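Protein chains in written order, with UniProt numbering: chain A, 1 to 413; chain B, 1 to 413.
Quick reminder that beta carbons are idealized off the backbone N, C-alpha and C, glycines included.
Owing to the predicted nature of the structure, the values given are computational and were not obtained by experimental measurement.
Working notes, beginning with the structure itself.
Protein chains: 2
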Amino acid sequence: MSHPVSPLAPKTTPAMPPIEGVTIATEEAGIKYRGRTDLMIMAFAEGTQVAGTFTKSRCPSAPVDFCRANLKHGTARILVVNSGNANAFTGRKGREATEVTAFAAAKAIGCSPTEVFLASTGVIGEPLAADRFSGLLDGMVESAQTDRWLEAGEAIMTTDTYPKYATATVALGDHIVTLNGIAKGAGMIAPDMATMLSFVATDAPIDAPVLQVLIAESVGGSFNSVTVDSDTSTSDTLLLFATGAAAENGAPRITEADDERLGPFRQALDAMLKDLARQIVRDGEGARKEIEVRVKGAQSADSARKVALSIANSPLVKTAVAGEDANWGRVVMAVGKAGEPADRDRLAVYFGDIRVAFEGERDPSYSEAETSDYMKNDTIVITADLNIGNGSATIWTCDLTKEYVAINGDYRS
Amino acid sequence: MSHPVSPLAPKTTPAMPPIEGVTIATEEAGIKYRGRTDLMIMAFAEGTQVAGTFTKSRCPSAPVDFCRANLKHGTARILVVNSGNANAFTGRKGREATEVTAFAAAKAIGCSPTEVFLASTGVIGEPLAADRFSGLLDGMVESAQTDRWLEAGEAIMTTDTYPKYATATVALGDHIVTLNGIAKGAGMIAPDMATMLSFVATDAPIDAPVLQVLIAESVGGSFNSVTVDSDTSTSDTLLLFATGAAAENGAPRITEADDERLGPFRQALDAMLKDLARQIVRDGEGARKEIEVRVKGAQSADSARKVALSIANSPLVKTAVAGEDANWGRVVMAVGKAGEPADRDRLAVYFGDIRVAFEGERDPSYSEAETSDYMKNDTIVITADLNIGNGSATIWTCDLTKEYVAINGDYRS
């Protein structure tokens, strides 16, 4: 946890405005870490609508099971998140821990346990002693404030080297609504998920089924398009809460996903989730460079995505970028191993705008000096143009450095 | 190339006996490396039968294309292998380099170019200047000797820290035949291939179609069951040559794969390919530990294999082993992300013989001290018992260390 802040961290922290209907509190519960907050609650106004998406792991954590079951009710009053312990692969004890927490949270705010949402992140397999912090929830609900978003982002960190925030204000009909989002994650990050943990709240009056459609549309191009290490977590959770408080100011209630007034909100949500997802990649364990992998000219979008993931998850591509080596031969290797339709002799590879390979061999105008210079950048864009169709996809990842090995060789102990 | 020899290297080098009908020569051609051999030929007696298997990459190297085309003829007179340059993704120039080499080799030994086999290993994308070494082939054929197997293993190395040998003598009918094998490979190693390069020769009189059946049967449990970094090479080549010289001493000619006299030969070939494949893993770039991943109780053998690969390719599992951390939670994660049928609450995980997790939670008798002690071993056996069926599979891999990143962050430059 004492690793230096990623050089790719945002230069400034956004001012996170209050979201009407949301109050926040954090605590030092001492679950694993000392001298820092590790427990966070968000309390929501009555009637707050909720949607979410979770890890596709076959071995999900107990809180993921718990949230999945509650999501069908569509309303939320309180979110409880702890860091330091994932409450994953903890069996019966894990289910008991979620029940203890949910009961205490429901009692603290005065709601049904079906309106409680939980997330845990940290070590897998250690029992979570929920009774050690459930007694804190009464006081936290009582002291929760609207201006605690920065603290919320900090309390949910594990191996993150910086907290991840995003905010937007956007028109809904003729009225302005606000979205705030936070996220955490640095390792065990791979697509087919909704990142480690991310929570977005808005005052927009949008019904839960509509929120669910919006998440489903947005997650493919954001959280499901990043990878740090190809390892999908047991705990990935994205939850979107809509308090509806803006209705009091005249914002229209949205009950259908095809409501045209949703346009700007949809765009803002897309941009926010992509922003948070890229912040996670830029805080990838040991990362010193962000890599944007673009595949175009593939047989289909799905095929392009598979090729892009093959490149983005290749240890040899990632170590080459870490070494500032424009080793495009490894990109060719990764295209080849993807198993998707490709024709070696039509393939072109670019680093940034520099075409390094064309029609199955090194570009005639290739300049080692120019390309090496480009590799010194913080963000490296690798483009593979398969030249056999119109499918395209983009995946974001980070380089693979010795620091990744160091962080993960002694994370647990 | 100056990396220290893997601590997992074999303690002794086997005495490699001559194979009647095979002579070998090596040379310092200066293709990339200085002060070491980088060119190797094996000359074969007339009528030598050949079989092989190659990378499944969609972007194979020019020599792979060349060998695939020649394999259908079934006979071989000469093998030419260079290290330092893979002749992969070299377009028209790459095809020309294989033609130049094949023509010179055929002329040197006096055969058709269809009886020449080629392999190249090293950097991808650099044109291979075959005319710089094709002039050496005449002299090499002339000076080739039967007792140069150790030199052959050395000449084909790239980032390998030790050469890889195996030898066996075995009964064929009432007669003894001999098999010798060499291999190279340390990075860009993943299943669905036949390793970087491996060459096996025998004096057994076995027809090419039978050899092909034997390879197909054996490669699944050997070369296709190892992974260093999940990155499949463009150049993977396994070739098996049978000179048939033992027929002169009375060994029976084998023309059918179901000939019962093949039993001991088949077993010896299986054991040899598995031995060479494991030598590659034990020389995996930066490796300090070998990891044997056993999955049992899966729905099918295919499903077990996918789960085993998910564990063996997980950077988080591999870094944990590097850190001697019995982090079985990451094994659970890797089972979960595989997407194969699994039931969290029936899963058991073992490190060696120590059951660390059982029925979805930490084993009640788990001892951190005992498990940590086990993790100090050179070879770590991880077993995941899914407890839902009878499918099983074993995959060999190595740990992921800072040295892997160092080796691959400056390999090309």
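Beta carbon proximity, residue i to chain B, threshold 9 angstroms
{"i": "Y404(A)", "result": "yes"}
{"i": "W396(A)", "result": "no"}
{"i": "G389(A)", "result": "no"}
{"i": "R344(A)", "result": "yes"}
{"i": "K93(A)", "result": "yes"}
{"i": "T234(A)", "result": "yes"}
{"i": "M333(A)", "result": "yes"}
{"i": "L276(A)", "result": "no"}
{"i": "T319(A)", "result": "yes"}
{"i": "A88(A)", "result": "yes"}
{"i": "G323(A)", "result": "yes"}
Residue nearest to residue i in terms of C-alpha spacing, selected from the options
{"i": "N70(B)", "options": "N390(B), G52(B), V81(B)", "result": "G52(B)"}
{"i": "S112(B)", "options": "P4(B), G297(B), D283(B), G47(B)", "result": "G47(B)"}
{"i": "M42(A)", "options": "E292(A), L79(A), F133(A)", "result": "L79(A)"}
{"i": "Q212(B)", "options": "Q279(B), N377(B), N408(B), L239(B)", "result": "L239(B)"}
{"i": "A242(B)", "options": "G181(B), A298(B), R294(B)", "result": "G181(B)"}
{"i": "T167(A)", "options": "K274(A), N87(A), A155(A), G220(A)", "result": "K274(A)"}
{"i": "L172(B)", "options": "A245(B), L262(B), V307(B)", "result": "L262(B)"}
{"i": "C59(B)", "options": "A104(B), G125(B), E27(B), S6(B)", "result": "G125(B)"}
{"i": "G185(A)", "options": "A155(A), G352(A), V22(A)", "result": "A155(A)"}
{"i": "T23(A)", "options": "A152(A), L136(A), D65(A)", "result": "A152(A)"}
{"i": "D38(B)", "options": "T158(B), F117(B), I388(B)", "result": "T158(B)"}
{"i": "G336(B)", "options": "A326(B), V321(B), G352(B), S314(B)", "result": "S314(B)"}
{"i": "G110(A)", "options": "A245(A), F89(A), D138(A), D174(A)", "result": "D138(A)"}
Integer Cβ distance of residue i from residue j, believed to fall under 8 angstroms
{"i": "Y165(B)", "j": "W149(B)", "result": "7 angstroms"}
{"i": "D203(B)", "j": "T178(B)", "result": "6 angstroms"}
{"i": "Y33(B)", "j": "G84(B)", "result": "5 angstroms"}
{"i": "I395(A)", "j": "T227(A)", "result": "7 angstroms"}
{"i": "D160(B)", "j": "D343(B)", "result": "Actually they do not touch by this definition, with Cβ atoms about 42 angstroms apart."}
{"i": "K376(B)", "j": "E324(B)", "result": "6 angstroms"}
C-alpha gap between residue i and residue j, whole angstroms
{"i": "P17(A)", "j": "A312(B)", "result": "45 angstroms"}
{"i": "L214(A)", "j": "E256(A)", "result": "11 angstroms"}
{"i": "D345(B)", "j": "G94(A)", "result": "11 angstroms"}
{"i": "V271(A)", "j": "V381(A)", "result": "For clarity, residue 271(A) is Ala in the given sequence; the question names Val instead. When rounded, the distance between both Cα atoms is 19 angstroms."}
{"i": "E20(B)", "j": "D302(A)", "result": "53 angstroms"}
{"i": "A130(B)", "j": "V50(B)", "result": "24 angstroms"}
{"i": "A393(A)", "j": "D399(A)", "result": "19 angstroms"}
{"i": "V81(A)", "j": "T237(A)", "result": "11 angstroms"}
{"i": "residue 419(A)", "j": "A369(A)", "result": "No answer is possible for residue 419(A): the residues shown for chain A start at 1 and end at 413."}
{"i": "A9(A)", "j": "L386(B)", "result": "41 angstroms"}
{"i": "S6(B)", "j": "V356(B)", "result": "29 angstroms"}
{"i": "A108(B)", "j": "S225(B)", "result": "38 angstroms"}
{"i": "R278(A)", "j": "G297(A)", "result": "24 angstroms"}
{"i": "V100(A)", "j": "V349(B)", "result": "28 angstroms"}
{"i": "P191(B)", "j": "R92(B)", "result": "Summary for P191(B): the model assigns pLDDT 45, below 50, so the residue's position carries little reliability; its value from the coordinates is reported in the next sentence. Their Cα atoms are separated by approximately 29 angstroms."}
{"i": "S61(B)", "j": "E359(B)", "result": "47 angstroms"}
Residue i classed as buried or exposed, judged by whether at least 16 other C-beta atoms fall within 10 angstroms
{"i": "T13(B)", "result": "exposed"}
{"i": "N249(B)", "result": "exposed"}
{"i": "T146(B)", "result": "exposed"}
{"i": "T397(A)", "result": "buried"}
{"i": "V200(A)", "result": "buried"}
{"i": "R132(A)", "result": "exposed"}
{"i": "Q267(A)", "result": "exposed"}
{"i": "G35(A)", "result": "exposed"}
{"i": "K11(A)", "result": "exposed"}
The ligand MN heavy atom lying under 8 angstroms from the CB of residue i
{"i": "L309(B)", "result": "Because no ligand of any kind appears in the structure shown, any question about the ligand MN cannot be addressed here."}
Closer than 9 angstroms to chain A by CB, residue i
{"i": "N408(B)", "result": "yes"}
{"i": "W328(B)", "result": "yes"}
{"i": "E361(B)", "result": "yes"}
{"i": "T401(B)", "result": "yes"}
{"i": "T53(B)", "result": "no"}
{"i": "G84(B)", "result": "no"}
{"i": "L316(B)", "result": "yes"}
{"i": "C67(B)", "result": "no"}
{"i": "K337(B)", "result": "yes"}
{"i": "D231(B)", "result": "yes"}
{"i": "L118(B)", "result": "no"}
{"i": "S57(B)", "result": "yes"}
{"i": "E142(B)", "result": "no"}
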